[in-house]
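Here the protein sequences come in this chain order: A and B. Residue numbering for the first sequence follows the numbering used here, beginning at -10 and increasing consecutively. Residue numbering for the second sequence follows the numbering used here, beginning at -10 and increasing consecutively. From the three backbone atoms N, C-alpha and C, an ideal C-beta is built for every residue, glycine too.
2 protein chains.
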Amino acid sequence: MNFSSKLIEDAVNAFATLPGIGKKTALRLTLHLLNMPPEVSESLCEPILKMRQNIQFCSTCHNISDEAMCSICTDKGRDRSVICVVESIRDIMAIENTNQYRGLFHILGGVISPIEGIGPSDLNINTLIDRVKTDEVKEIIMAISPTIDGETTIFYLSKQLAELPVKITTLARGISFGGELEYADELTLGRSIAARLPYGK
Amino acid sequence: MNFSSKLIEDAVNAFATLPGIGKKTALRLTLHLLNMPPEVSESLCEPILKMRQNIQFCSTCHNISDEAMCSICTDKGRDRSVICVVESIRDIMAIENTNQYRGLFHILGGVISPIEGIGPSDLNINTLIDRVKTDEVKEIIMAISPTIDGETTIFYLSKQLAELPVKITTLARGISFGGELEYADELTLGRSIAARLPYGK
C-alpha cells in the first residue's frame, strides 16, 4: 500500500504488529487518530507504556499486580485456606467475574505439555508446594482446562501434593447451563449421565 | 470486569477507545503486550505518537504529508495539468494503489451534506478554484462517491468551475469488473445499458 507519508506508514505498521489487526484495520485506526486531537493519541499510548513499565507479578500467586503483592493476596477479607490453581491471569479474571469464589489463587503459567516442550519445571509448581507447606491451606481447587494436557497437569500436581494434608478438588464437570442438550459433546453428556446428581442439590 | 490491577485496567480502557475495539479485544491486546518484552510496547507507541505530533497537511492539496508539501505535489514526474478531486486521504491511497493515475490530487475533506450540516464553506473548495486559476490545469476529475451528496457536490463544483477554461470529467460508471450481472443493482445496470460502449474501446 502507498501511504505517501513515512509517518503514517510507520504508525500503520506499528498497529499491524498487534494480534488480530491487519493492515486495513491498522490504517483505519491510524486515520482515526489523525482525525482526533493529538491528546487522543497521547491518552492512548500513555497508559499502555505505563502499564508495561510498571506492572509487577505478585511474589505469592504470580498474578499481575501494581505492587509487590497483588490485591487478592493482600485482601484480608479472603479465605486463606483455599487456593484455586489456574493456568493464566485471564482465568483469574474469569473466576473473579463470577463472584462465586472468595479464596486465593495460584497461577501455574501454563500446563504440562510434552508436545510444546513444557515440563513441570517451567511452571510455578514449587512455589505452590511451598505455599501449601507454610500457609494453612486446607483445599486446592484445580481450575485447569479439562484437556489432555490439563488433566496431565492435575494428575502431576495431585501426586506432588499427595503427602501434604490438603484436600484436592476440581471444577464440577457436566453440561453447560443454558446449553442445548443435543449440541453437547458425547464425552461431556456421557459423563454427565454417569455422574448424575440427586435433583435439588 | 475485574482486573485486579489499575495499570491493566487503564491500558484496556485506552485500547477500547479505538473504533472497532471492544473490552475483550482490548484485554487480549493488553495481555499480548504483557507477554512481550517492554520494547514491543515502546515500538508500538513511539511511531503513533510521532505520527500524530509531526504529521502535516499539504498546503496545496490538503493531503497528509511529512513536509509542508506532500510527496505527490512535489513529484516532478507527475502531470500537473490534471487534478483529481477526492473526498478524503483514503481515496488518494485507493487511487494511487491502482497505478493508473499520474496527475495531482485535491482533497475536499468531505461532501456537501445538508443533513449533516456540511456546506460548501466547510470544504476545501476555494483552494481548488485558486489552483485552477493560477496553475495550468486543463482537467478536473471528480472522483467523488456517486451518492446523492456526492452528486450534489459534483454539481456545485462544476457550477463554480464553469467560467474557467478547464474540462470537468467524472469516473466511469457501470458494472464492476468480475461482478456477477445478476447481483448488480438496477440503477447501475440500467444506466450501463443506456450508456453502452462500442466493443473494443
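- From the listed residues A:D119, A:P103, A:S(-7), A:I107, the smallest Cα separation to Q45 (chain B) is found for A:S(-7).
- The beta carbon of E31 (chain A) lies closer than 6 Å to none in the same chain, with the five residues before and after it left out.
- The beta carbon of R69 (chain B) sits closer than 8 Å to the beta carbons of G92, L93, D124, E125, V126 from its chain, once the five residues preceding and following it are set aside; these are given in chain order.
- Residues G11, K12, A15 of the same chain have their beta carbon placed closer than 7 Å to that of A5 (chain A), with the five preceding and five following residues left out of the count.
- For D124 (chain A), no chain B residue has a C-beta closer than 8 Å to its own C-beta; the minimum C-beta separation is roughly 20 Å.
- At a beta-carbon threshold of 9 Å, the residues of chain A lying near T6 (chain B) are V29, S32, L33, ordered along the chain.
- Think of a sphere of 9 Å around the beta carbon of A3 (chain A): the chain B residues whose beta carbon falls inside it are S32, L33, C34, E35, P36, I37, M40, in chain order.
- In the structure shown, T159 (chain A) adopts extended strand secondary structure according to DSSP, grouped into three states.
- Nearest neighbour of T63 (chain B) by Cα position, chosen from B:V75, B:C73, B:C50, B:N115, turns out to be B:C50.
- Cβ neighbours of D80 (chain B) within its own chain (closer than 7 Å, five residues either side excluded): A132.
- The DSSP-derived three-state label of I182 (chain B) is helix.
- What H51 (chain B) touches in chain A, judged by beta-carbon distance under 9 Å, is nothing: the nearest beta carbon there is about 12 Å away.
- DSSP places V29 (chain B) within a helical segment (H, G or I) once states are collapsed to three.
- The Cβ of A0 (chain A) sits closer than 7 Å to at least one Cβ of chain B.
- Residue nearest to L186 (chain A) within the set A:L(-4), A:K122, A:E171, A:R162 is A:R162 (criterion: CA-CA distance).
- Note: I133 (chain A) is not bridge-paired with any residue in the DSSP secondary-structure output.
- T14 (chain A) reaches chain B at G9, counting residues in chain order whose Cβ is nearer than 8 Å.
- For K156 (chain B), not one C-beta of chain A is nearer than 7 Å to its own C-beta.
- Under the 7 Å criterion on CB atoms, I44 (chain A) is classed as interfacial with respect to chain B.
- An exposed status is given to S110 (chain B), since fewer than 16 other beta-carbon atoms sit within 10 Å of its beta-carbon.
- Taking all protein chains shown into account, A3 (chain A) has 16 or more neighbouring C-beta atoms within 10 Å of its C-beta and is therefore buried.
- For R69 (chain A), the enclosing beta strand (DSSP E) has its first and last residue at 68 to 75.
- Burial state of S54 (chain A) is buried, judged by a 10 Å Cβ sphere holding 16 or more other Cβ atoms.
- Residues C47, N52 of the same chain have their beta carbon placed closer than 6 Å to that of C59 (chain A), with the five preceding and five following residues left out of the count.
- A residue is called buried when at least 16 other Cβ atoms come within 10 angstroms of its Cβ; T136 (chain A) does not meet this threshold and is exposed.
- Rounded to the nearest angstrom, the Cβ distance from V121 (chain B) to V155 (chain B) is 6 Å, consistent with a contact under 8 Å.
- Just so you know, the alpha carbons of R41 (chain A) and L23 (chain B) end up roughly 6 Å apart.
- By the Cβ-count criterion, I182 (chain A) is exposed, with fewer than 16 other Cβ atoms from all chains shown falling within 10 Å of its own Cβ.
- Bounds of the alpha helix (DSSP H) holding F4 (chain A) are -5 to 4.
- The beta carbons of H21 (chain A) and L7 (chain B) sit about 7 Å from each other, so the pair counts as a contact at 8 Å.
- Among the residues of chain A, those whose CB is under 8 Å from the CB of H21 (chain B) are L7, P8, following chain order.
- In this structure, the alpha-carbon of L(-4) (chain A) lies about 19 Å from that of I96 (chain B).
- DSSP places L93 (chain A) in the strand class (E or B) of the three-state scheme.
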